[in-house]
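What follows is one structure encoded as structure tokens, with my remarks underneath.
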Amino acid sequence: MNAEANSAVPASARPIADPGSAVRLDRDGRLLHADARISELHHALGGEDGGVLALPRLLDLARHALRLGMRLSRPVTVFGPDVAIDLWCDCTPDAKGVDLLLSQWREQPLPEAAGAAPLPASAPAAENYVHLRVDPLGRILHVRSPLALPADWQAERVTLKPVGALIATEDGAPLVLADCHNGVRVRLVGDGRCWTLHRSRDDAGAGWSLQLAEAPEPPQPEAVAAPPPLFDGERLAHMFGSQIGPALRQPIGRIIANAETIGGRLEGPLRADYASYAGDIASAGRHLLALIDDLADLEAIEASGFSAAREPVDLADLGRRAAGLLALKAADRSIRIDRPAEDDSLPAIGEFRRVLQVLLNLLGNAINYAPDGSMIWLRLDDGPDWASVTVADQGPGLSDEEQQRLFNKWERLGRSGDGGSGLGLYISRRLALAMQGDLTVESAPGQGARFTLVLPKL
């Protein structure tokens, strides 16, 4: 490239010509050594000396190399308070940790880092605003605002606090980024004003950019006596789990039992086509029972005051139990489940039956969408204060747009005829959040999917 062509490239976008930055992490992701450039970036994002690396994309790649026990090299984009950095990362794991060599740096200033942090194009202009950067787990990395913020926000910076702990919906419920939409009205904990929230993805899997613009309080409508409802749908919804669901389960259970008796020819010879019809009836009955269970769970998790028990659980044991319960379903399609070894143990804090419910949902989905004769893996991982179990499959994978919609209520990604209700992953993620954890997905078209349940470590 000639000098004239090179001069047309902004200096901030050119690669930095240096031998690279060396970083050393222990097996828990804690920073043992880094040069000045990485160390400054780590501290700018709230990291501490000897603490877990505060760059989520590099930390994820390092942990992936440790799990696989092999060297990995790939391009990575990391974010500082006011820059996006494209670089090449070489990860070399060993028995005590992992070495990262970072090279080919290309820095670009973030648009909102200049001046008064302009609002996203979709957001209305406002003099009073709060701008936040959030990592993929929804933890606040950086706060900027011209306003005096509540004491909980530590004025200029909040280090790794969940966004739901400091921002609530207008009715006081904790904010869940995956469930909210642009324009939703929210409140800051400790602040009486009302705000309008607009969100955007920083980069695929790299976190969120949140903009809160002060919104006027809505006018209070004049009280008008409403006529008594002809149909009390809300009361009916709250009756489902306690009254309607149990009343439906008994007759449907009888239908399934009778159909299986007929299909199994237990009462005598039967034409093959009639036995097949009976099998279809039993299958439809089981689908109805699963839908009743989903609706009862939906009612429970959306009830005010819902919470999950906090008790010691073993993620390795629960993974083996879930794999055992679904072993026959997997064997019908020659799918192998690689479960944790019998002597593996990974203590965490959660609710036993809810964790098992989430794992059964993830494994059941993996079996449904994985090709015949493929493998499904259950993998364990942990850090200083968290433990996780990952269900990975060799299915068709998910695009970035599908991953954004995956945990929405009733979302089935356009599929039809597979018997799903579109509630399983929505319920599973809400249960994970209720246990002070999270449920995340990592996928790409044609490369399968990895669903990870993260819980507090015991």
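When we follow the working numbering, the leftmost residue of the sequence shown carries the number 854, and every step to the right adds one. Every residue, glycine too, gets a C-beta built ideally from N, C-alpha and C.
Item: Please list the terminal residues of the continuous beta strand (DSSP E) segment that includes V876.; Value: S874 to D879
Item: For the putative contact between V1166 and L1284, defined by C-beta atoms under 8 angstroms, what is the C-beta separation to the nearest angstrom?; Value: Not quite, the Cβ-Cβ distance comes to about 13 angstroms (not below 8 angstroms), so this is no contact.
Item: Return the residue from the list A1183, L1209 and A1169 that minimises the CA-CA distance to A1161.; Value: L1209
Item: Would you check if the distance between the CB atom of E1023 and the CB atom of R1046 is smaller than 8 angstroms?; Value: no
Item: With a threshold of 7 angstroms on Cβ separation, who are the neighbours of A1297 within its own chain once the five nearest residues in sequence on each side are excluded?; Value: G1250
Item: Measuring straight from C-alpha to C-alpha, what distance separates A858 and D1253?; Value: Legend: pLDDT at A858 = 38, less than 50; position of this residue unreliable, value from coordinates given subsequently. Going from the Cα of A858 to the Cα of D1253 covers about 35 angstroms.
Item: Going by DSSP in three states, V931 sits in which element: helix, strand or coil?; Value: strand
Item: State yes or no: is the C-beta of V905 within less than 8 angstroms of the C-beta of R877?; Value: no
Item: Closest by CA to L1168, which one among V1242, S1129, Q1257 and E901?; Value: V1242
Item: Decide if the stretch 992-1001 is in contact with the stretch 939-957; the criterion is three or more beta carbon pairs, one per stretch, under 8 angstroms apart.; Value: no
Item: Can you check which of these residues, R1207, L940, L1171 and L1215, is closest to D1341 by C-alpha distance?; Value: Nothing about residue 1341 can be reported from this structure: the residues present for the chain run from 854 to 1311 only.
Item: DSSP three-state call for I993: helix, strand or coil?; Value: strand
Item: Nearest CA to the CA of G1275: which residue from R1258, A1287 and Q1289?; Value: R1258
Item: Measure the alpha-carbon distance for G1217 versus I1188 and round it to whole angstroms.; Value: 12 angstroms
Item: Closest by CA to L1041, which one among S1053, A1068, V1307 and A1302?; Value: A1068
Item: Do L954 and L911 have their C-beta atoms within less than 8 angstroms of each other?; Value: no
Item: Can you find the residues in the same chain that come closer than 8 angstroms, C-beta to C-beta, to D879, ignoring five residues on each side of it along the sequence?; Value: L885, K949 and G950
Item: Distance check for L1233 and E1204, CA to CA, integer angstroms please.; Value: 18 angstroms
Item: For S860, which residues from the same chain have a beta carbon less than 8 angstroms from its beta carbon, with the 5 sequence-adjacent residues on both sides left out?; Value: Caution is warranted here: a pLDDT of 36 is assigned to S860, below 50, making its placement in the model unreliable, and no coordinate value can be reported.
Item: Would you call F1159 buried or exposed, if buried means 16 or more other Cβ atoms sit within 10 Å of its Cβ?; Value: exposed
Item: Taking all protein chains shown into account, decide if G1320 is buried (16 or more other Cβ within 10 angstroms of its Cβ) or exposed.; Value: The structure shown does not extend to residue 1320, since the chain is modelled only from 854 to 1311, so the question has no answer here.
Item: Who are the near neighbours of L1292 in its chain, counting only those whose CB is closer than 6 angstroms to its CB and skipping five residues on each side?; Value: S1281, R1282, A1285 and L1306
Item: If I follow the unbroken beta strand (DSSP E) through F1304, where does it start and stop?; Value: A1302 to P1309
Item: Within the same chain, show all residues whose beta-carbon is closer than 7 angstroms to that of S975, passing over the 5 residues directly before and after it, in chain order.; Value: Unreliable positioning characterises S975 in this predicted model, as indicated by a pLDDT of 43, which lies under 50. A coordinate reading is not provided.
Item: Straight-line CA distance for A1219 to F1304?; Value: 9 angstroms
Item: Is it buried or exposed for N981, if we count other Cβ within 10 angstroms and need 16 for buried?; Value: exposed
Item: Closest to E1195 by CA distance: which of P1309, L1215 and L1231 is it?; Value: L1231
Item: According to DSSP, is I1188 helix, strand or coil?; Value: coil
Item: Buried or exposed: which applies to R1192, given that a residue is buried once 16 or more other Cβ atoms fall within 10 Å of its Cβ?; Value: buried
Item: Take R890 and list the residues in its own chain whose beta-carbon comes closer than 8 angstroms to its own, dropping the five residues that flank it on each side.; Value: S874
Item: For L1199, count the other beta carbons within 10 Å of its own beta carbon; 16 or more makes it buried, fewer makes it exposed. Which is it?; Value: buried
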